[in-house]
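Take a look at the structure below.
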Amino acid sequence: MRRDIPPLAEVRRITQKKRDAWWTVMLVDPVATPLVRVLAMRTKVTPNQVTWGAFLLGLVSAACFAWGDGWRWLIAGAVVYHLSFILDCVDGKLARLTGQGSVFGAWLDFVFDRIRVMACAIALMAGQYQRTGDTAYIWLAAVVVFLDGLRYINSLEIFKTRHTMRKQIKAHIRAARRAEDTAGVAFMEDLLRDNPEADIEQDLRKAAEPAELAELAELAERSEGAEGTLRTEGTVRTEGALRAEDEIGEAAEVGDIDVTGLPQRPRAKVIDLHQEFRHRFPMYLRLRSYLLRHRIRAHLISGIEFQMGVFIVGPLIDQVIATTVVSGALLLVFELAIIYKLLLSTRDFARTLDSFEREGVAAAA
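When you line the sequence shown up against our numbering, it's residues 166 to 530, in that order.
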């Protein structure tokens, strides 16, 4: 038995993400987090072994769906699928708690997740086709696999786009630092993600209170890494890049923030790539702040909720077609919203670069 495992409250702090899908926060973490502590204390199981267990349970769920001759098998498949998903969350938490995470483990988790979704989609729809003879189930199997792949491709490309925008902004800031010895760059989204209790987000439209902005700027400087960019816990995760739907930083210039109230400190530049989006949808800020205070991300229908709708809710109520259609439609709505948000973000990015150019010309003059 290991004696170095901390109490449950500390395990929660270490293993639980600062923001996650509402299904995970409400229905998985209350079970998965204590289970992680027990596994770490009383067994020698590794995260990769847990990943294999989740995958095998997923195949058992697919077998139950494929049998599909009666509602009892659908219920069994739904229950086993949820158990599989709990284990799928346990492996990452166990890796964070014990420090046993690896690049290969992240790859294995990603690949097994995709195989599990494909196997369960085909098995569920094939079982229902055999049960009813309705060819709509054949099309639904293709739709589920397509949407699951689409959301991952979309999240990956959005991650790459935002990463490119951040790199270019940081390059400009580093050049300015070398020339003027100013503070580095802090991304507003990082500050708000790490401090969900703060209501700064709702004050951006009013140019903010100086004391609050000074506090944010001081936080940014304390959190600054060796290269002068903000490094936040949870921004770099072993599996984060693979599950990028919403673990991504965002940015557009709010402007230089006066931190003269902080002695011996330079001025810090806070970047916010969602300035236009915030102005267009002010109510979103309050909703997002409320959700973040409860660790729930604003992307309410993500791939996780889509899977749970198809493989758990639908089989439990014996309404596979209806729940699949509704879940798929809601997933598309939220994915389109993210794409629209990215479009506005790229406009803010262009304006930010233009402002850098104007500042450079003014400084040269």
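Backbone N, C-alpha and C fix where the C-beta goes; we use that ideal spot for every residue, glycine too.
N- and C-terminal bounds of the alpha helix (DSSP H) containing residue i
i	result
Met206	194–207
Lys258	236–263
Met283	268–297
Pro171	Counting along the chain, Pro171 falls outside any alpha helix (DSSP H), and DSSP gives it neither H nor E.
Gly223	212–232
Buried/exposed call for residue i, threshold 16 Cβ in 10 Å
i	result
Arg451	exposed
His123	The chain is shown from 166 up to 530; residue 123 falls before or after that span and cannot be answered.
Lys506	buried
Gly223	buried
Gly414	At Gly414, the pLDDT of 38 sits below 50, so the modelled position is not reliable; the number obtained from the coordinates is stated separately. Per the 10 Å Cβ criterion, buried.
Gly257	buried
Arg178	exposed
Leu305	buried
Ile318	exposed
Lys371	Low per-residue confidence applies at Lys371: pLDDT is 45, beneath 50, and the placement is therefore not dependable enough to give any value.
Phe269	exposed
Gly474	buried
Ala382	Residue placement at Ala382 is flagged as unreliable, the pLDDT there being 44, under the threshold of 50; the coordinate-derived value follows with that caveat. Classification for Ala382: buried.
Gly264	exposed
Thr568	The question about residue 568 has no answer, for the chain in this structure spans 166 to 530.
Ala284	buried
Lys325	exposed
Arg523	exposed
Leu378	With a pLDDT of 43 at Leu378, under the threshold of 50, the predicted position of this residue should be treated as unreliable, and no value is reported.
Gln429	A caution first: Gln429 carries a pLDDT of 46, below 50, which makes its placement in the model too unreliable to give a value.
Ala340	exposed
Arg281	buried
Ala409	Note that Ala409 scores a pLDDT of 38, beneath 50, so its modelled location is shaky; the value from the coordinates is reported in the next line. It counts as buried.
Gly314	exposed
For residue j and residue i, believed in contact at Cβ under 8 Å, the rounded distance
i	j	result
Arg279	Leu496	That pair is no contact at about 16 Å.
Gly292	Trp232	6 Å
Phe476	Leu289	7 Å
Cys254	Val193	5 Å
Leu239	Pro480	4 Å
Thr489	Val309	7 Å
Beta carbon of residue i nearer than 8 Å to that of residue j
i	j	result
Ser510	Leu457	no
Ile469	Thr211	no
Phe230	Phe277	no
Trp205	Leu259	Trp is not the amino acid found at residue 205; the sequence shown has Ala there. Yes, they are a contact pair.
Ile436	Ile334	yes
Arg559	Ile466	There is simply no residue 559 to check, as the chain begins at 166 and stops at 530 in what is shown.
Leu312	Phe471	yes
Val201	Thr180	yes
Tyr246	Ser267	no
Arg327	Glu441	no
Trp236	Asp483	yes
Phe514	His337	no
Thr208	Val176	no
Ala286	Ile486	no
Arg331	Asp234	no
CB contact below 8 Å: residue i versus chain B
i	result
Leu273	Of the protein chains in the structure, only one exists, and it is not chain B.
- prompt: For the stretch 423–493, which segments carrying the alpha helix (DSSP H) assignment without a break, of at least 4 residues, lie completely within its bounds, in sequence order?
  reply: Runs of the alpha helix (DSSP H) inside the stretch 423–493: 440–445, 447–458, 468–473, 479–482.
task: Pick out the complete alpha helix (DSSP H) segments inside the stretch 306–351, 4 residues or longer, and give them in chain order.
output: For the stretch 306–351, not a single whole alpha helix (DSSP H) run of length 4 or above is found.
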